[in-house]
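Shown next, in structure tokens, is the structure this report addresses.
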Amino acid sequence: MPTLILARHAKAEAPAPGLSDMDRALAVIGRKASMHLGEALTEAGLVPDLALVSPASRTRQTWKLMATALPACESRVVDAIYETHVPGLLRELTTVDVDGTVVVVGHEPTSSAAAAFLAGPGSDKTALQRVAHGLPTATAAVLEFDCEWAELGPRTARLLAVVSGRDV
1 MPTLILARHA KAEAPAPGLS DMDRALAVIG RKASMHLGEA LTEAGLVPDL ALVSPASRTR
61 QTWKLMATAL PACESRVVDA IYETHVPGLL RELTTVDVDG TVVVVGHEPT SSAAAAFLAG
121 PGSDKTALQR VAHGLPTATA AVLEFDCEWA ELGPRTARLL AVVSGRDV
């Protein structure tokens with residue numbers, strides 16, 4: 001059964017004059033939370049086959065640190081994930097060519113909005129409530145679905161859980 005993990009990058013340094021949003025790096029606490037998120041996913045039995053990662057520095061750093069617990073996962077930097085919206089993210093997901101689990105390391109509000117958009121019958125109520133408030137940094141929404149990636153759409157998945165790496 002295909003599984004989608006929508007992960008928000010970990011805590012980044014604050015914006016600063018002369019530093020583009022794309023170049024913002026992780027804060028120290030974000031580095032620790034990134035590693036913990038990878039470990040939490042592994043402990044939950046969620047081992048992705050493919051990671052789609054936004055090109056922003058903070059998302060690439062989040063994935064690199066998460067991947068220490070997920071070493072067999074292939075990763076791709078996908079420019080379209082940065083500053084996208086739910087339809088843009090869905091366009092990327094409908095082209096996925098793996099049968100298993102995919103993690104998207106991206107940004108808010110797209111991650112939580114996509115989880116809410118995809119969540120249908122059978123979704124966990126507590127997870128739905130958490131997603132409705134937005135995904136905190138270093139947190140992931142886990143969804144499963146019975147259709148093909150190309151058929152993902154509104155209410156076609158079940159939101160199973162929200163996994164956090166923030167308990168560091």
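Each residue of the sequence shown is one higher than the one before, counting from 1 in full-length UniProt numbering. Ideal Cβ placement from N, Cα and C applies to all residues, glycine included.
* To do: Kindly give me the distance between the Cβ atoms of residue 155 and residue 119, rounded to whole angstroms, as I take these residues to be in contact under 8 Å.
  => Translated into the one-based positions of the sequence shown, residue 155 becomes position 155. Translated into the one-based positions of the sequence shown, residue 119 becomes position 119. With a Cβ gap of about 7 Å, residue 155 and residue 119 count as contacting.
* To do: In angstroms with no decimal places, state the Cα-to-Cα distance between residue 69 and residue 29.
  => If you number the sequence shown from 1, residue 69 lands on position 69. If you number the sequence shown from 1, residue 29 lands on position 29. Those two C-alpha atoms are separated by around 18 Å.
* For the 8 Å Cβ check, are there 3 or more pairs between the segment 50-58 and the segment 74-86? -> yes
* To do: Report the option in 110, 7, 92 whose CA atom is closest to the CA atom of residue 67.
  => On the sequence shown, residue 67 is found 67 positions in, with the first residue counted as 1. If we check each option's Cα against that of residue 67, 7 comes out closest.
* To do: Assign residue 9 to buried or exposed, taking buried as 16 or more other Cβ atoms, counted over all protein chains shown, within 10 Å of its Cβ.
  => Along the sequence shown, one-based indexing puts residue 9 at 9. Buried: at least 16 other Cβ atoms inside 10 Å.
* To do: Using beta-carbon positions only, say whether residue 50 and residue 102 come within less than 8 Å of one another.
  => Here residue 50 corresponds to residue number 50 of the sequence shown, with the count starting at 1. Here residue 102 corresponds to residue number 102 of the sequence shown, with the count starting at 1. Yes, Cβ-Cβ distance for residue 50 and residue 102 is below 8 Å.
* DSSP three-state assignment for residue 108, whether helix, strand or coil -> In the sequence shown, counting from the first residue as 1, residue 108 sits at position 108. Of the three classes helix, strand and coil, the one that applies to residue 108 here is coil, per DSSP.
* Establish whether the CB of residue 13 and some CB of chain B are separated by less than 8 Å. => Going by chain labels, chain B is absent from the structure shown, which holds only one protein chain.
* **residue 50 (DSSP reduced to helix, strand or coil)** => As a position in the sequence shown, residue 50 is number 50, starting the count at 1. Looking at residue 50 - three-state DSSP - the assignment turns out to be strand.
* **Buried or exposed by the 16-neighbour rule on C-beta atoms within 10 Å, applied to residue 129** => Walking along the sequence shown from the start, residue 129 turns up at place 129. With fewer than 16 Cβ atoms within 10 Å of its Cβ, residue 129 is classed as exposed.
* Skipping 5 residues on each side, what residues in its chain have a beta carbon closer than 7 Å to that of residue 84? -> Along the sequence shown, read from residue 1 onward, the residue named residue 84 stands at position 84. Once the five neighbours on either side are set aside, the close Cβ partners of residue 84 are 110.
* Going by beta carbon distance, what residues of the same chain come within less than 6 Å of residue 148, once the five residues before and after it are set aside? -> Here residue 148 is taken as the residue at index 148 of the sequence shown, counted from 1. None.
* Excluding the five sequence neighbours on either side, which residues of its own chain have a C-beta within less than 6 Å of the C-beta of residue 122, listed in chain order? -> Reading the sequence shown from its first residue, position 122 is the one you call residue 122. Around residue 122: 158.
* Helix, strand or coil at residue 92 according to DSSP, with G and I counted as helix -> As a first step, residue 92 must be located in the sequence shown, where it is residue number 92. Residue 92: helix per DSSP, three-state reduction.
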